[in-house]
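K.L.:
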Amino acid sequence: MSYENLLVETREHIATVTVNRPKVLNALNRKTVEELDACFRALQQDEDVRAVIITGAGEKAFIAGADIKELATYSPQEAKECSFRGQAVLNRIENLGKPSIAAINGYALGGGCELALACTLRIASQAARLGQPEVKLGMTPGYGGSQRLPRLIGKGMALQMILSGDPLSAEESLRWGLVNQVVPPEELLPAAEGIARKIIANSPLAVQYCMEAVEQGLNMSIEQGLFLESTLFGMSFATEDMREGARAFLEKRAPRFAGR
Ligand code: DAK
1 MSYENLLVET REHIATVTVN RPKVLNALNR KTVEELDACF RALQQDEDVR
51 AVIITGAGEK AFIAGADIKE LATYSPQEAK ECSFRGQAVL NRIENLGKPS
101 IAAINGYALG GGCELALACT LRIASQAARL GQPEVKLGMT PGYGGSQRLP
151 RLIGKGMALQ MILSGDPLSA EESLRWGLVN QVVPPEELLP AAEGIARKII
201 ANSPLAVQYC MEAVEQGLNM SIEQGLFLES TLFGMSFATE DMREGARAFL
251 EKRAPRFAGR
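Just so you know, the sequence shown maps onto residues 1 to 260 in the working numbering.
(1) Q132: buried (16+ other C-beta within 10 angstroms of its C-beta) or exposed?
(2) Which residue marks the beginning of the alpha helix (DSSP H) containing G112, and which one marks its end?
(3) Distance, Cα to Cα, G145 vs A79?
(4) Might you give, ordered along the chain, the residues of its own chain that have their beta carbon closer than 7 Å to the beta carbon of Y107, omitting 5 neighbours on each side?
(5) Sorry if obvious, but does the Cβ on P185 come closer than 7 Å to a heavy atom of the ligand DAK?
(6) Name the two residues that bound the continuous beta strand (DSSP E) containing R129.
(7) Reducing DSSP to helix, strand and coil, say where Y107 ends up.
(8) Within the chosen definition, does the segment 39-55 reach the segment 193-203 through at least 3 CB pairs nearer than 8 Å?
(9) Only counting runs of 4 or more residues, tell me where the alpha helix (DSSP H) segments fall wholly within the segment 55-112, in order along the chain.
(10) Going by the beta-carbon positions, is the gap between L90 and Y3 smaller than 8 Å?
(11) Using a Cβ-Cβ cut-off of 7 Å (strictly less than) and excluding sequence neighbours within five positions of I199, which residues of its own chain qualify?
(12) Which value, in whole angstroms, describes the spacing of the CA atoms of Q77 and P167?
(13) Cβ of P133 versus every heavy atom of the ligand DAK: is any distance shorter than 7 Å?
Shown next as structure tokens:
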């Protein structure tokens, strides 16, 4: 499937999705959000794809937020529809069942930062800047930033970012746990691919259950979360992968996971 504003390439079970509107710093217009929806639906169904990397075209930006030119023309009804569509796409990325890695090559602002927050992991180039500048435009975050950001980095720093609108540098983002790793620009995609390869060498079912335990558990009480963990732990014992993993350890060989 080909897209107007996305480039998609799959190699060795890792799909790389590049938002491709570099002239406007990869800003998310309606068409791009629709294409991200179609693209992530297809990636979810594609059994050959076991991890997804998302990045931005060009040197300067990952995604510089929603397309402000287009936003300015929205009626309240269009804004509401846009909100539902955008939130659904980010929820799909968060609940993909496969790990997603944001390779943040430059500005990740507003909706761009929120898209990165919906990914499983975030790796930033030294040139990246991450922020929620909505208040500077008279808006509040609309793609989950007010909810996912404090869950990831804590209430104090999330409020500082959201209320000041000022972005964090890559190093500050690392210090606050907003990104997992910072690398020189030329090492960004190799580093993201390296982490993806490491994850997909493990049992896909165990990886999926772990993501489910953490993502869903964060929205539960500790008792409910521990119950969920026990349930998923039990489910992992029903998989061929678990038998293979234990057998391979005892036979001192590398496991061959079938994803069953
Ligand atoms: N939208 C449209 N065009 C953008 C853009 C954006 N977000 N960001 C940059 N561009 C365009 C610029 O207009 C410029 O176009 P030309 O003038 O060349 O035609 C080109 O990209 C290059 O940008 P600059 O010339 O400004 O480049 P600089 O290096 O000087 O500055 C910058 C880089 C990233 C600091 C600056 O471009 C900037 O501040 N950009 C805007 C950042 C921003 O405020 N983003 C929006 C955040 S608010 C919703 C849910 C979510 C949202 C909205 C609705 N619903 C629920 C309905 C999300 C909102 C946001 O994301």
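Just so it is clear, CB atoms sit at the ideal spot from N, CA and C, and this is done for glycine as well.
Only a predicted model underlies this, so the values are computations on that prediction, with no experimental measurement involved.
P.N.:
Result, derived from the coordinates:
(1) buried
(2) 111-118
(3) 17 Å
(4) L25, K60, A61, F62, A64, R129
(5) no
(6) 129-131
(7) strand
(8) yes
(9) 68-71, 76-94
(10) no
(11) A51, P99, V207
(12) 30 Å
(13) yes
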